[in-house]
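Residue numbers for the sequence shown follow the numbering used here, so the first one is 128 and each next one is one higher.
Some notes on the structure that comes next.
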Amino acid sequence: MNFHLTEEQRMIRDTAAKFTEDVIVPRAEEMERTGEYPYDIMERMAGLGMMGIPFSPEDGGSGGDWVGMHLCIEEISRGDASLGGLLDVTTCVVAQELQVFGTEAQKRKWLVPMAGGTEIGAFGLTEPGAGSDAGATRTTAVPDGDSWVINGTKQFITNIGFRNASLVIVTAVTGGGTGEKAIDTFIVPKGTPGFRLGKKYDKMAWQHSATHECIFEDCRIPGDHFLGKERKGLSQHLAVLQTGRISVAAMSVGLARACFEASLRYARERVQFGRPIYQFQAVSFKIADMAMNIELARNMYLKAAWLKDNGLPHVLEAAYAKLFASEMCERAASDAFQIHGGYGFMNEYPVSRYFKGCKILQIVEGTSEVQRIVISRNL
Ligand SMILES: Cc1cc2nc3c(=O)[nH]c(=O)nc-3n(C[C@H](O)[C@H](O)[C@H](O)COP(=O)(O)OP(=O)(O)OC[C@H]3O[C@@H](n4cnc5c(N)ncnc54)[C@H](O)[C@@H]3O)c2cc1C
């Protein structure tokens, strides 16, 4: 076995690490407090080629791989997990869906600018009545001449409120009058008449991630906005969500590292009973567990990404990585809070932000319960 990263993967990781330290870390607290959208940071991430790492130059990318992409997501998430989420949704889910299932014309029109980072993508699967049960979609798409007419509401849609978000890929029930339910996917560009954003959600954290409802009222799109194969929309979407799970694992590792680093720093400085609290095993063992679990979770997401790069099945490995890493991250955030004592509750210390931001990682791209369903079904 070879655990060495390639020169290119190391370069991606180190570039992202430096960018995070220099640009994201100094701004993260303020972005969370004000909810200001990080357009300048996105632009610089695009300039470094972060949104296109796993795609070929022809598709607007840099010809890297999924291991490199996820190393980048880990580093960015160490500074700000919601920016890791931006990469997850744009590159790993939406751009990949266009790359794998899109026609050549669709790729040229939508994938190339997305992989180049000048446009951002969103995907709309979740609805008020269809969360974990994604097949319960009620949004409909009805053929009408050369076009499709979409009606319905998607909720909790990441990225779509950014002014540079170009489109949302939505799942919708088709099947017309046959009585047989089919779900297909459609590319709906922003600005299409009949497509509007609902309220921006008032969230517990990730204030600067542009999450909105998407409302479709007689929204007419041309026939060439149909994505992929007929009646395969849901399975196409679930296929790319496997990569989304690896991404959430990488985001969790990045955020857990931030918890670990803050805890180590604080425990070495904070003196109680005449010595740094790091000298109390009750504290240092928490930090030792964090370090070990971070290493384990990283190995898990890298293995899943490596399997993907090598065209090997990775359903289980992606679910293991997502489940373990996101639950590990919650423990790390909780322990980091505990190690900071009362200061952990104060907004001036970053651990309060980490604590608020960790829980969502157990929800998106399939909840922990859904991961356990996926795992148990595949044993
Ligand atoms: C900040 C944020 C960003 C998001 N971004 C996007 C996005 O960009 N695009 C998108 O489409 N969606 C997005 N989502 C939606 C997200 O994927 C869903 O919230 C998630 O899939 C869970 O669905 P739900 O919230 O409806 O919960 P529900 O499905 O109602 O689940 C509620 C609880 O019941 C449990 N549960 C449900 N079914 C079962 C079962 N069969 N067995 C055991 N337990 C079960 C769940 O695990 C959970 O604990 C986002 C959500 C948030 C909060």
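For every residue, glycine included, the Cβ atom is placed at its ideal position computed from N, Cα and C.
{"Query": "Are there three or more Cβ pairs, one per stretch, closer than 8 Å when the segment 196 to 206 is compared with the segment 349 to 360?", "Result": "no"}
{"Query": "Do you know how far the Cα of M177 is from the Cα of I296?", "Result": "21 Å"}
{"Query": "Inspect the CB distances between the segment 362 to 382 and the segment 204 to 218 and report whether three or more fall short of 8 Å.", "Result": "yes"}
{"Query": "Whose CA, out of T319, S453, D329, R480, lies closest to the CA of M427?", "Result": "S453"}
{"Query": "What did DSSP end up calling T280 once you bin it into helix, strand or coil?", "Result": "strand"}
{"Query": "Can you tell me whether H131 is buried or exposed? The criterion is at least 16 other CB atoms within 10 Å of its CB, across all chains shown.", "Result": "exposed"}
{"Query": "Determine, using beta-carbon pairs with one atom in the segment 477 to 484 and one in the segment 325 to 344, whether at least three such pairs fall under 8 Å.", "Result": "yes"}
{"Query": "What separation, rounded to the nearest whole angstrom, lies between the Cα atoms of I180 and V398?", "Result": "45 Å"}
{"Query": "Just to check my reading of the structure: V410 and I466 have Cβ atoms closer than 8 Å, yes? What is that Cβ distance to the nearest angstrom?", "Result": "6 Å"}
{"Query": "Where A366 and L210 are concerned, what is the direct C-alpha to C-alpha distance, given to the nearest angstrom?", "Result": "23 Å"}
{"Query": "What would DSSP say about Q334, mapped onto helix, strand or coil?", "Result": "coil"}
{"Query": "Who are the Cβ neighbours of G258 in its own chain at under 8 Å, not counting the five residues just before and after it?", "Result": "none"}
{"Query": "K449 CB to nearest chain B CB: under 7 Å?", "Result": "Of the protein chains in this structure there is only one, and it is not chain B."}
{"Query": "Among M172, D436, L225, which residue has its Cα nearest to the Cα of H364?", "Result": "L225"}
{"Query": "First and last residue of the alpha helix (DSSP H) that includes S461?", "Result": "442 to 466"}
{"Query": "Check for me: the alpha helix (DSSP H) holding H364 runs from which residue to which?", "Result": "360 to 396"}
{"Query": "Where does Q408 land, buried or exposed, given buried means 16+ other C-beta within 10 angstroms?", "Result": "exposed"}
{"Query": "With burial defined as no fewer than 16 other Cβ atoms inside 10 Å of the residue's Cβ, what is the status of T370: buried or exposed?", "Result": "buried"}
{"Query": "What three-state label does DSSP hand I490 in the structure shown?", "Result": "coil"}
{"Query": "Assuming contact is defined by CB atoms lying nearer than 7 Å, are L265 and G279 in contact in what I supplied?", "Result": "Going by the sequence as given, residue 265 is Arg instead of Leu. Taking 7 Å as the Cβ cut-off, R265 and G279 qualify as a contacting pair."}
{"Query": "What do you get for K326, buried or exposed, if any count of 16 or more other CB atoms within 10 angstroms of its CB means buried?", "Result": "exposed"}
{"Query": "So is the beta-carbon of G258 under 6 Å away from any non-hydrogen atom of ligand 1?", "Result": "yes"}
{"Query": "Which runs of the beta strand (DSSP E) spanning at least 3 residues fall entirely within the segment 222 to 258, listed in chain order?", "Result": "247 to 251"}
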